[in-house]
Structures are given as C-alpha cells and as structure tokens.
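Residue numbers (my numbering): 26 to 116.
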C-alpha cells in the first residue's frame with residue numbers, strides 16, 4: 026500500500042516520456058514499469074546521475090517527477106531491507 030501511495034502521489038501517471046533522451050547502446054539506462062489496476066506505464070531514459078542532468082533535459086518537469094519517484098522508491102526498499110535484517114524474532 027505504501028508503494029502504491031508513493032507512486033500515485035508522485036504524479037508520474039501524468040508524465041509522458043516521449044521527449045526524453047533515448048539511451049544509447051553503450052550507455053546505462055533506467056527503466057521503470059508500473060502497473061496499478063488497469064493502468065500500465067513504462068518509462069525508459071539514460072541513467073540519471075544528478076539533478077543538473079535532469080534540469081538540462083528536454084522535459085525537466087517530467088524528469089524531476091521521475092527522478093524523485095525513483096529516489097523515494099529506493100529509500101523505501103532500502104528501509105525495508107534494513108528493517109528485515111535488524112528485526113529479531115521473539116524468544
């Protein structure tokens with residue numbers, strides 16, 4: 026539920042990646058595929074290293090939405106992994 030909330034609140038469902046730079050064959054890429062209900066979204070772009078790269082893109086607002094969503098999802102996943110390894114079963 027938390028992941029769904031983060032995705033829906035990010036506004037990524039209204040972003041169009043058609044103006045984003047296509048990744049070259051030898052360049053690293055970022056892909057995000059989302060399926061919520063009957064809606065299916067797929068985003069592909071070159072790997073984003075910094076906000077400077079996002080701001081210099083052809084669609085800075087859409088790329089910022091994508092960039093911050095990825096950061097939020099990474100944070101959630103890493104927190105869950107950390108919580109899993111720190112959890113101690115009851116004796």
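Just so it is clear, CB atoms sit at the ideal spot from N, CA and C, and this is done for glycine as well.
These numbers were taken from a predicted model, which means no experiment stands behind them.
- With a 10 Å radius around its C-beta and 16 neighbouring C-beta atoms as the bar for buried, classify residue 102 as buried or exposed. By the beta-carbon neighbour count (other beta carbons within 10 angstroms, threshold 16), residue 102 is exposed.
- Determine the burial state of residue 87: buried for a count of at least 16 other Cβ atoms within 10 Å of its Cβ, exposed for fewer. Of the residues assessed, residue 87 falls on the buried side of the cut-off, its CB having 16 or more other CB atoms within 10 angstroms.
- Task: Return the first residue and the last residue of the beta strand (DSSP E) that residue 54 is part of.
- Result: Segment 54–61, the beta strand (DSSP E) holding residue 54.
- Query: What's the gap between the Cα of residue 38 and the Cα of residue 49?
  - Reply: Looking at the two C-alpha atoms, the distance is approximately 25 Å.
- For residue 70, which residues of its own chain have a beta-carbon under 6 Å away from its beta-carbon, when the five flanking residues on both sides are left out? Cβ within range, chain order: 45, 55.
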